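Here's the structure, in structure tokens; my notes come after.
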Amino acid sequence: MKQGMSEDQQFIFDSIYTQVHSGFYSLEEIQNNIIEEIEDNGFEDEISEEWAQEQINYVNNRLLEESKSWESVTHTQRLIEAFDELAESKIIALHYPGYTTDEGEYEATEVERALIDNDEKSEGYCFYHGQDLERAVRGEGLYISFQKINNESDVVSKEVAKKIIAVLEKHGLKVEWNGKATSRIFIPDFKWQKIYNEDDRDLLNYNYVIDAILDNHE
Numbered sequence: 001m002k003q004g005m006s007e008d009q010q011f012i013f014d015s016i017y018t019q020v021h022s023g024f025y026s027l028e029e030i031q032n033n034i035i036e037e038i039e040d041n042g043f044e045d046e047i048s049e050e051w052a053q054e055q056i057n058y059v060n061n062r063l064l065e066e067s068k069s070w071e072s073v074t075h076t077q078r079l080i081e082a083f084d085e086l087a088e089s090k091i092i093a094l095h096y097p098g099y100t101t102d103e104g105e106y107e108a109t110e111v112e113r114a115l116i117d118n119d120e121k122s123e124g125y126c127f128y129h130g131q132d133l134e135r136a137v138r139g140e141g142l143y144i145s146f147q148k149i150n151n152e153s154d155v156v157s158k159e160v161a162k163k164i165i166a167v168l169e170k171h172g173l174k175v176e177w178n179g180k181a182t183s184r185i186f187i188p189d190f191k192w193q194k195i196y197n198e199d200d201r202d203l204l205n206y207n208y209v210i211d212a213i214l215d216n217h218e
């Protein structure tokens, strides 16, 4: 626990830390998210908007300072490039499609529906969800889920995993997987390093995944 913080303050601080370090949200979006989170948890009497803004600025300034020592191509950038290549290979590769596995699978199914509407189907899907992102931000590695829509064959699942692993390794990410269809892919030494930039492509908008797959339609 951060020194001098109550349990509720630590809860909100952890959320701020994850959202800032994720690189998915502007500071304004984070402020709005955190205010909503404070209200939803009934913390208004203990935690002020001013305190929350101070913590957001504190975490963001520290991240900007840390980023000066990052490698020119970060692990996160390698992951983005790998996911782009997977999409071009008809694998639905989604960044942060919800907080849980169920939510990630739902979003993958929604993308598949859009593909079917355009007379196309995927060859599988993969994603990391919000809980995975939280762990990655804390330096605990990154887990990646995989499967193929409407598939019950372990053989097919394993083939999907092998395709994903090959592309991840091609982009310089060291992967662990025990070869089981029910076990997720793990990148143990993954460093989540991303700064929000309003000019960057919105990775949470999955239309680009749909377009990438359709553009490679045979």
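Letter by letter, the sequence shown follows residues 1 to 218 in the UniProt record's numbering.
We put the CB at the ideal spot given by N, CA and C, even for glycine.
All figures in this text were calculated on a predicted structure; none of them were measured in a lab.
- In the assembly as shown, glycine 42 is an exposed residue. Its beta-carbon has fewer than 16 other beta-carbons within 10 Å.
- Here phenylalanine 13 is near glutamine 55, since their CB atoms are less than 8 Å apart.
- Serine 145 is bridged by DSSP to Phe127.
- In terms of Cβ geometry, alanine 87 and alanine 181 do not form a close pair [threshold 8 Å].
- Secondary structure note for histidine 75: its alpha helix (DSSP H) is the uninterrupted segment 75-88.
- Listed in chain order, the non-local C-beta contacts of proline 188 below 6 Å within the same chain comprise Gly141, Glu176, local neighbours out to five positions each way being set aside.
- For the set Glu44, Ile210, Ala136, the Cα lying nearest the Cα of asparagine 118 is the one of Ile210.
- Proximity of the segment 95-111 to the segment 124-142 meets the contact definition, three or more beta-carbon pairs being nearer than 8 Å.
- Between glutamate 134 and threonine 18, the alpha-carbon positions lie close to 6 Å from each other.
- Spatial neighbours of lysine 191 in its own chain (CB-CB distance under 6 Å, excluding positions within 5 residues in sequence) are listed in chain order as His75.
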